[in-house]
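In structure tokens, the structure reads:
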């Protein structure tokens, strides 16, 4: 006869008590494992959603990049031709040249066989004080496009300002309450307002455009310009040196710099789209994190309540078992079984309740959480044993359940050990 | 084998001090069947529990095979009990979920021995329980239960059997059978301390003492 045989026989004899104990531990273990598994599945699903969104973003960005590339091929980009002695730092700071070059340069370009540039726009720009209105403005003299004589005529990209007229930027006409058709005086000369532009959000809003020859006259720069805008250069961005070389051959007294193009704007738009998409992903991530926190709180509270209730139940079953075995404990002690032997007998029973409850609770918890998570997420999630760290969870479940059963059964076990056999025998 | 020197035992109850044993002196030697007779509540069971190392006396000294069991640690006292004493009770105190064979074998939980299974089989046969060896106590008659309890008390070949009203629940025939087995055990060199109010015990005992209000009278 061994303690283990005795324990097994007792379990078979009081199978209902044992089964209720196992069931109780199983419920506690299942609620804990179910909570942990649900959270892990939530994390997996979050990973899958974010991965899908990242993939979608990457695909969308690839499409956008392709669109932009195509657009750039059609658009080309713009360059500005400035006098050679113009300090570029000043140009970048003021956005107009302080040095001048002959207006004839534009004719030389138009008459040349240049192939990389399609449109030429000569201009004379200067920041001035509008004496009649006491306002600082940028005065631009433009004459419209100078056609390239060696190419097929194309529709001009920019319509010129007719002589005797003036076009005003948004800030100027709004603040001065000027309207198309009205007459205004600029530096003593009268102009009819030809156009009032919409808001652009840049220096154009404080710019006034007049005919080039009139600007030259007002600024006392007859026959001079300070920039030639070359539009829709028929090449890709990395061919700027080629354009420079071609223009330098025709106009040695100039320098060429790139100007922000519509293609650049598209690239900026693309960046903006990417940023927005990233913000959307971040929002999704935060939403999932919030949902997880809610689940975690709920699971913690529920698990704590269930585990506590089950522990109390296991303890009550333990008390019942000890009470029912009072006579048996007394006899065993009388036969010479030590207190240690009684301890082993009761503890091994509790450990068995815990291990069995832990294994069954693990299975029930994992299966239930997989089923419920599919229902909650509205989709079937493919989960592998590795995803859930099944071995870790099983060890946690069995170890935790055994510990729970032993802790819950500790007081009843101590009662059994301390039971005085003489008391039992005297009661006879 | 067993010696009591001036053993007193009292309990503090709700109605004050209750004396169960009062300056009891007693000795039981090998080959002796000592019957202690007395009415219920006179202190017979207390005497037996003290003799079995289960209840510490308030005063006096107990000697079992030359050793004071109450001078030993609880663990050592348990071992001594398993090795030297066999118990038989009125209520049998069999373990309800063990078979007859397993109940007889139960003392081996405290004192594992190599030949325990063989010894169990011998006892099963000797006490006429062969056809009941696989049955649990609930399936036995009272006589069979007491024979099982008696067989269990003999498994570890104890030096003394302490019997508390072993025939209290038995009819005359079964009581005679039990007395017969105890006499046989004494004849084989063992000794028995029997406490009972059964007058028939005197016929089987080598010596009989009367207990009145916790005192022994020859």
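Residue numbers (this note's numbering), protein chains in the order written: chain G, 1 to 428; chain A, 429 to 646.
Ideal Cβ placement from N, Cα and C applies to all residues, glycine included.
Predicted, not measured: the structure shown is a model, and the values here were computed from it.
Per DSSP, residue i is paired with what?
{"i": "residue 455/A", "result": "431/A"}
{"i": "residue 142/G", "result": "123/G, 211/G"}
{"i": "residue 589/A", "result": "514/A, 620/A"}
{"i": "residue 406/G", "result": "According to DSSP, which records beta bridges pairwise, residue 406/G is partnered with nothing at all."}
{"i": "residue 439/A", "result": "446/A"}
{"i": "residue 574/A", "result": "The partner list for residue 574/A (beta bridge, DSSP) is empty, contrary to what the question assumes."}
{"i": "residue 230/G", "result": "79/G, 120/G"}
{"i": "residue 259/G", "result": "78/G"}
{"i": "residue 136/G", "result": "129/G"}
Who are the near neighbours of residue i in its chain, counting only those whose CB is closer than 6 Å to its CB and skipping five residues on each side?
{"i": "residue 222/G", "result": "216"}
{"i": "residue 635/A", "result": "462"}
{"i": "residue 344/G", "result": "3"}
{"i": "residue 257/G", "result": "80"}
{"i": "residue 355/G", "result": "398, 402"}
Report the three-state DSSP secondary structure of residue i (helix, strand or coil).
{"i": "residue 237/G", "result": "For residue 237/G, the predicted structure reports a pLDDT of 49, less than 50, and the residue's modelled location is therefore unreliable. A value from the coordinates is still provided. Helix at residue 237/G."}
{"i": "residue 417/G", "result": "helix"}
{"i": "residue 521/A", "result": "coil"}
{"i": "residue 211/G", "result": "strand"}
{"i": "residue 85/G", "result": "coil"}
{"i": "residue 112/G", "result": "coil"}
{"i": "residue 393/G", "result": "helix"}
{"i": "residue 463/A", "result": "strand"}
{"i": "residue 252/G", "result": "coil"}
{"i": "residue 508/A", "result": "helix"}
{"i": "residue 131/G", "result": "coil"}
{"i": "residue 101/G", "result": "strand"}
{"i": "residue 584/A", "result": "coil"}
{"i": "residue 194/G", "result": "strand"}
{"i": "residue 179/G", "result": "coil"}
{"i": "residue 639/A", "result": "strand"}
{"i": "residue 334/G", "result": "helix"}
{"i": "residue 161/G", "result": "coil"}
{"i": "residue 357/G", "result": "helix"}
{"i": "residue 490/A", "result": "strand"}
Tell me which residues share the same chain as residue i and place their Cβ nearer than 8 Å to its Cβ, disregarding the 5 neighbours each side in the sequence.
{"i": "residue 484/A", "result": "478, 498"}
{"i": "residue 294/G", "result": "none"}
{"i": "residue 511/A", "result": "539, 584, 586"}
{"i": "residue 327/G", "result": "424"}
Can you name, in chain order, every residue of its own chain whose Cβ lies under 7 Å from the Cβ of residue i, other than the five neighbours on each side?
{"i": "residue 581/A", "result": "514, 515, 516, 589"}
{"i": "residue 103/G", "result": "122, 223, 224, 225"}
{"i": "residue 448/A", "result": "437, 438, 439, 471, 474, 642"}
When you compare the CB positions of residue i and residue j, do they come within less than 8 Å of one another, or not?
{"i": "residue 563/A", "j": "residue 465/A", "result": "no"}
{"i": "residue 579/A", "j": "residue 621/A", "result": "no"}
{"i": "residue 24/G", "j": "residue 362/G", "result": "no"}
{"i": "residue 210/G", "j": "residue 141/G", "result": "yes"}
{"i": "residue 500/A", "j": "residue 422/G", "result": "no"}
{"i": "residue 596/A", "j": "residue 489/A", "result": "no"}
{"i": "residue 213/G", "j": "residue 123/G", "result": "no"}
{"i": "residue 61/G", "j": "residue 274/G", "result": "yes"}
{"i": "residue 322/G", "j": "residue 416/G", "result": "yes"}
{"i": "residue 526/A", "j": "residue 623/A", "result": "no"}
{"i": "residue 13/G", "j": "residue 524/A", "result": "yes"}
{"i": "residue 509/A", "j": "residue 336/G", "result": "yes"}
Does any residue of chain G bring its CB to less than 8 Å from the CB of residue i?
{"i": "residue 547/A", "result": "no"}
{"i": "residue 530/A", "result": "yes"}
{"i": "residue 521/A", "result": "yes"}
{"i": "residue 460/A", "result": "no"}
{"i": "residue 485/A", "result": "no"}
{"i": "residue 624/A", "result": "no"}
{"i": "residue 636/A", "result": "no"}
{"i": "residue 507/A", "result": "yes"}
{"i": "residue 515/A", "result": "yes"}
{"i": "residue 538/A", "result": "yes"}
Quick check: is the beta carbon of residue i nearer than 8 Å to any beta carbon in chain A?
{"i": "residue 334/G", "result": "yes"}
{"i": "residue 421/G", "result": "yes"}
{"i": "residue 338/G", "result": "yes"}
{"i": "residue 300/G", "result": "no"}
{"i": "residue 326/G", "result": "no"}
{"i": "residue 350/G", "result": "no"}
{"i": "residue 9/G", "result": "yes"}
{"i": "residue 1/G", "result": "yes"}
{"i": "residue 426/G", "result": "yes"}
{"i": "residue 393/G", "result": "no"}
{"i": "residue 6/G", "result": "yes"}
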